[in-house]
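Data first, discussion second: the structure below is written as structure tokens.
Residue numbers (full-length UniProt numbering): 1 to 176.
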């Protein structure tokens with residue numbers, strides 16, 4: 001049995017058996033009890049149909065790849081519609097990625113972009129300790145005492161002075 005058509009007005013499917021008889025299914029069901037509409041021998045002999053017996057009568061001309069062309073208006077321009085609901089579905093995902101990237105930028109990259117706070121007060125000068133420097137050398141070179149140096153740098157330990165440390169020095173007074 002082969003399905004040969006569908007009547008959308010009545011909601012019935014039509015089938016042809018091997019003898020050529022046409023059968024119809026129950027209304028609204030594709031698979032149901034079948035009733036014979038016409039017998040095979042008399043219907044095919046008297047029929048002036050141009051369709052071959054095994055061809056679907058509803059189908060239009062088919063292409064060589066088995067597909068058939070869709071019905072379109074030949075005068076209208078082809079319309080290309082984008083599927084907006086797909087973008088609506090993906091929007092929360094892209095939003096989440098954007099928030100994560102902004103947080104990474106804020107927490108990792110942004111602190112390096114801001115200006116560093118000055119280590120020393122405004123009335124002092126900062127000095128970067130070099131290898132071989134001692135508290136006495138630094139204070140003697142910049143014209144202050146070791147006690148003044150220790151007073152400006154409360155956490156400074158002269159025994160553990162390391163290269164790269166920043167030490168605050170009093171501004172040099174200009175004598176007239």
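All C-beta atoms, glycine included, are put in the ideal place defined by N, C-alpha and C. Just so it is clear, the structure is predicted and the values come from calculations on it, not from any experiment.
Handout entry: residue 134, enclosing beta strand (DSSP E) - first and last residue
Key = Counting along the chain, residue 134 falls outside any beta strand (DSSP E), and DSSP gives it neither H nor E.
Practice task
Specify the secondary structure class of residue 158 as computed by DSSP and reduced to three states.
Solution key: helix
Practice task
Let me know the secondary structure DSSP gives residue 123 once reduced to three states.
Solution key: coil
Handout entry: Residues that DSSP places opposite residue 5 in a beta bridge
Key = 14
Problem - Supposed contact pair residue 128 and residue 98 - C-beta distance, whole angstroms, cut 8 Å - result: Not confirmed; about 41 Å, so no contact.
Handout entry: Identity of the residues DSSP links to residue 23 by a beta bridge
Key = 15 and 36
Handout entry: Beta-carbon proximity list for residue 131, same chain, < 8 Å, skipping 5 on both sides
Key = 163
Exercise for the section: Take residue 125 and list the residues in its own chain whose beta-carbon comes closer than 6 Å to its own, dropping the five residues that flank it on each side. Expected result: 169 and 171
Practice task
Report the three-state DSSP secondary structure of residue 167 (helix, strand or coil).
Solution key: strand
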